[in-house]
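Some notes on the structure that comes next.
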Amino acid sequence: MPPAEEARLWTLLDRLTDPEIPVVTLREMGILRALRRGVDGQVEVVITPTYSGCPAMDQIADDITATLRADGIGGRVVTQLAPAWTTDWMTPEAREKLRAYGIAPPRCGAAPEGESVIQFAAGGRPAARHAVACPQCGSTNTTETSHFGSTACKALYRCLDCMEPFDYFKPI
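Using numbering that gives the first Met the number 0, the letters of the sequence shown correspond one by one to residues 0 to 171.
So, in structure tokens, the structure goes:
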């Protein structure tokens, strides 16, 4: 794809926001993975879901298709499952926008070097967790109240200093 055409397409698609978190764009979230031409010459927009079964993916695909069509571009959305999406693909801008919106962003580097994202409890005790900062006051004196928040990719927390509840975007 010629660089000018690719830049034009990215400019169009950069307006699209996550249907569940309208302050961040699909590209900032790392959901929009690539632009390419299919063997038939059609524009293909490659997306990767944040997790399998994410209910927003159909809306995301529809929004992309509608955006392309509104600009007279024939194209399709291709869902790519591997490599699996990770919160490491979120841009620093997305993390800051989440925080400003009231959602604690995932820590950078979902799994530190040599450590698995999946952690098992030793001896039946919960694995130690990192501190989650409150997006309202910045305190790390917080507690998880539910492992599932407003969506499956978020957990519900409460700040024990300002007492405000907030979502935490789980690192994947």
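Glycine included, C-beta positions come from ideal geometry on N, C-alpha and C.
Asked                                                                                   : Found
Residue burial classification, Tyr50 (beta-carbon count within 10 angstroms, cutoff 16) : exposed
Candidates Ile46, Cys161, Ala69, Asp166: closest to Lys153 by CA position               : Asp166
Straight-line gap, Glu143 to Tyr156 (C-alpha atoms, nearest Å)                          : 4 Å
Beta-carbon proximity list for Asn140, same chain, < 6 Å, skipping 5 on both sides      : Leu159, Asp160
Inter-residue spacing [alpha-carbon to alpha-carbon] between Ile72 and Met162           : 49 Å
Inter-residue Cα distance where the pair is Gln41 and Ile30                             : 20 Å
Reduced DSSP category for Lys169 - H, G, I as helix; E, B as strand; rest coil          : coil
Contact check, Arg75 vs Glu27, beta carbons under 7 Å                                   : no
Presumed contact (8 Å Cβ cut-off) between Thr78 and Ile46, rounded CB distance          : 6 Å
Residue range of the beta strand (DSSP E) that includes Leu155                          : 153-158
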